[in-house]
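Undergrad: Got a structure for you, questions after.
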Ligand SMILES: [Ca+2]
Ligand SMILES: [Ca+2]
């Protein structure tokens with residue numbers, strides 16, 4: 004079982020990746036994602052766009068390997084949550100491979116945001132990247148992710164943020180907002196306390 008916070012993060016991220024909003028992550032979402040990233044970053048050079056497309060397709064291949072448990076080339080929300088759970092179990096069991104995977108994810112994220120190749124991320128680059136995700140609140144998220152208020156994000160900032168995003172159960176962990184501030188907690192189900200409260 005995922006904690007409430009992890010459930011919210013997993014669901015929020017799933018919905019961002021599910022670009023066309025049909026409730027399933029599949030190859031077509033990644034084709035759309037590549038187009039939107041290219042548009043948000045004003046990429047006009049066809050070679051550069053092609054590099055971006057192949058990066059995004061490689062990411063989809065990776066997601067299939069780790070989260071498409073029944074091998075139908077579609078990732079459903081239950082599969083996604085099972086994947087999320089397996090990361091936490093892997094780290095809990097001390098699998099260095101899981102931690103290395105997260106570090107690789109952080110470097111991939113840096114490469115995706117840092118289109119100018121400087122090795123760090125400016126507030127503007129981060130805003131463009133979140134915009135391509137269709138996510139809001141980039142100024143607030145950037146402020147939290149920028150540990151020490153340097154005015155830019157380093158690879159180390161992103162490594163810590165990715166680890167917190169996938170692993171932390173602390174509602175105040177800055178890395179929770181890597182993909183923008185999480186939506187507010189959905190109002191609790193009135194039946195949640197059924198039987199315990201008598202009227
Ligand atoms: Ca979809
Ligand atoms: Ca599947």
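Residue numbers (the numbering used here): 4 to 202.
For each residue, glycine too, the CB sits at the ideal point set by N, CA and C.
1. Between the Cα of residue 42 and those of 132, 146, 155, 187, spot the shortest distance and give me the residue it belongs to.
2. Can you tell which of 34, 88, 54, 172 has the C-alpha that lies nearest to the C-alpha of residue 3?
3. Using a Cβ-Cβ cut-off of 8 Å (strictly less than) and excluding sequence neighbours within five positions of residue 101, which residues of its own chain qualify?
4. With respect to the alpha helix (DSSP H) encompassing residue 215, which residues constitute its N-terminal and C-terminal limits?
5. Please determine, among 19, 123, 63, the residue with the shortest C-alpha to C-alpha distance to residue 149.
6. Let me check you understand the geometry: is the CB of residue 78 closer than 7 Å to at least one non-hydrogen atom of ligand 3?
7. Any heavy atom of ligand 1 within a distance shorter than 7 Å of the CB on residue 32?
8. Leaving out five residues before and five after residue 190 in sequence, what residues of the same chain have Cβ atoms less than 8 Å from its Cβ?
9. With burial defined as no fewer than 16 other Cβ atoms inside 10 Å of the residue's Cβ, what is the status of residue 180: buried or exposed?
TA: Once the coordinates are examined:
1. 132
2. Residue coverage of the chain in this structure runs from 4 to 202, which leaves residue 3 outside it and unanswerable.
3. 90, 93, 94
4. No information on residue 215 is available, as it lies outside the stretch 4 to 202 that the chain covers here.
5. For residue 149, the nearest C-alpha among the options comes from 123.
6. Ligands in the displayed structure: ligand 1 and ligand 2; ligand 3 is not one of them.
7. yes
8. Unreliable placement is indicated for residue 190, whose pLDDT of 49 sits below 50; the coordinate value is still reported in the next sentence. Once the five neighbours on either side are set aside, residue 190 has no close Cβ partner at all.
9. When all chains shown are included, residue 180 counts as buried.
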